[in-house]
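**Q** Residue numbers 18 to 179, in the numbering used here, belong to the letters of the sequence shown in order.
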Amino acid sequence: MKKYRGVLIALILCLFTGCGATIRMSNKKISRYFTAREALYSATAKRYNMSNIPLSKATDNIYYCAWRMDKVRRFLGTPIHVNSWYRSPRVNRKVGGVSHSYHVQGLAVDFYTKKNPKYVYNKLRRSRLSFDQLIYYPRQKRFHISFRRNIRQERRQAFVKY
């Protein structure tokens, strides 16, 4: 619990103060293993000169998701390389994402690792880690994982999408 004291304090402050501030893209750590740059970077946003800065609710979710991703990272025992995390509604439309995407809420991460993807998928699927969805894209050798704010509502859906 001591490891997450800073994150928990930030989450509590955000919950009670409304967290009017937003996160800015920087190498500032938002959790033990992840930075704001990883959470906010979007090649599509950069290519089309679009903003990808979240509002307060998504900011709260990004910190929460980072805390959950730390658990995934520790469980896998290998670095996680983020492809996509937060997407503004405009960026999400541009990449062809669904309107109700958890990326827009800051609660989904697309990632890959250096480990064998089939091994990673099976390890996560069989684990006791909680998640809402785990999708493995074998052609791209990447994963999508999403979370809900209420862990009890998480469905633990895991599937492969070709």
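Note that CB positions come from ideal geometry on N, CA and C, so glycine has one too. None of these values were measured; they are calculated from a predicted model.
Flag this pair as touching only if the segment 53 to 63 and the segment 144 to 153 have three or more C-beta atom pairs under 8 Å; answer yes or no.
**A** Not touching, per the Cβ criterion.
**Q** Once DSSP output is grouped into helix, strand and coil, what is the label at residue 104?
**A** The answer is coil: DSSP assigns residue 104 none of H, G, I, E or B.
**Q** Could you name the residues of the same chain whose beta carbon sits closer than 7 Å to that of residue 179, not counting the 5 residues immediately before and after it, in chain order?
**A** Within the same chain, residue 179 has close Cβ partners 155, 156.
**Q** Buried or exposed for residue 168, please, with buried defined as at least 16 other CB atoms from any protein chain shown within 10 angstroms of its CB.
**A** With fewer than 16 other Cβ atoms within 10 Å, it is exposed.
**Q** In the DSSP assignment, what residue or residues form a beta bridge with residue 175?
**A** Bridge partners of residue 175: 151.
**Q** Is residue 45 helix, strand or coil by DSSP?
**A** Residue state, collapsed to three classes: coil.
**Q** Are the CB atoms of residue 164 and residue 153 nearer to each other than 8 Å?
**A** Not a contact, by the Cβ cut-off of 8 Å.
**Q** Report yes or no: do three or more beta-carbon pairs, one from the segment 130 to 139 and one from the segment 105 to 112, lie closer than 8 Å?
**A** No, the segment 130 to 139 is not in contact with the segment 105 to 112.
**Q** From residue 129 to residue 99, what distance separates their C-alpha atoms?
**A** One C-alpha to the other measures close to 7 Å.
**Q** Alpha carbons only, please: which of 88, 50, 108 is nearest the one belonging to residue 69?
**A** Residue 108 is the option with its Cα nearest to residue 69.
**Q** DSSP three-state call for residue 191: helix, strand or coil?
**A** Missing from the structure shown is residue 191; the chain here goes from 18 to 179 and no further.
**Q** DSSP three-state call for residue 119: helix, strand or coil?
**A** Helix at residue 119.
**Q** Can you tell me whether DSSP reads residue 89 as helix, strand or coil?
**A** In this structure, residue 89 counts as helix in the three-state DSSP scheme.
**Q** Considering only the beta carbon of each residue, do residue 46 and residue 95 sit closer than 8 Å?
**A** Going by C-beta atoms, residue 46 is not nearer than 8 Å to residue 95.
**Q** Bridge partners of residue 163, per DSSP?
**A** Paired residues: 125, 150.
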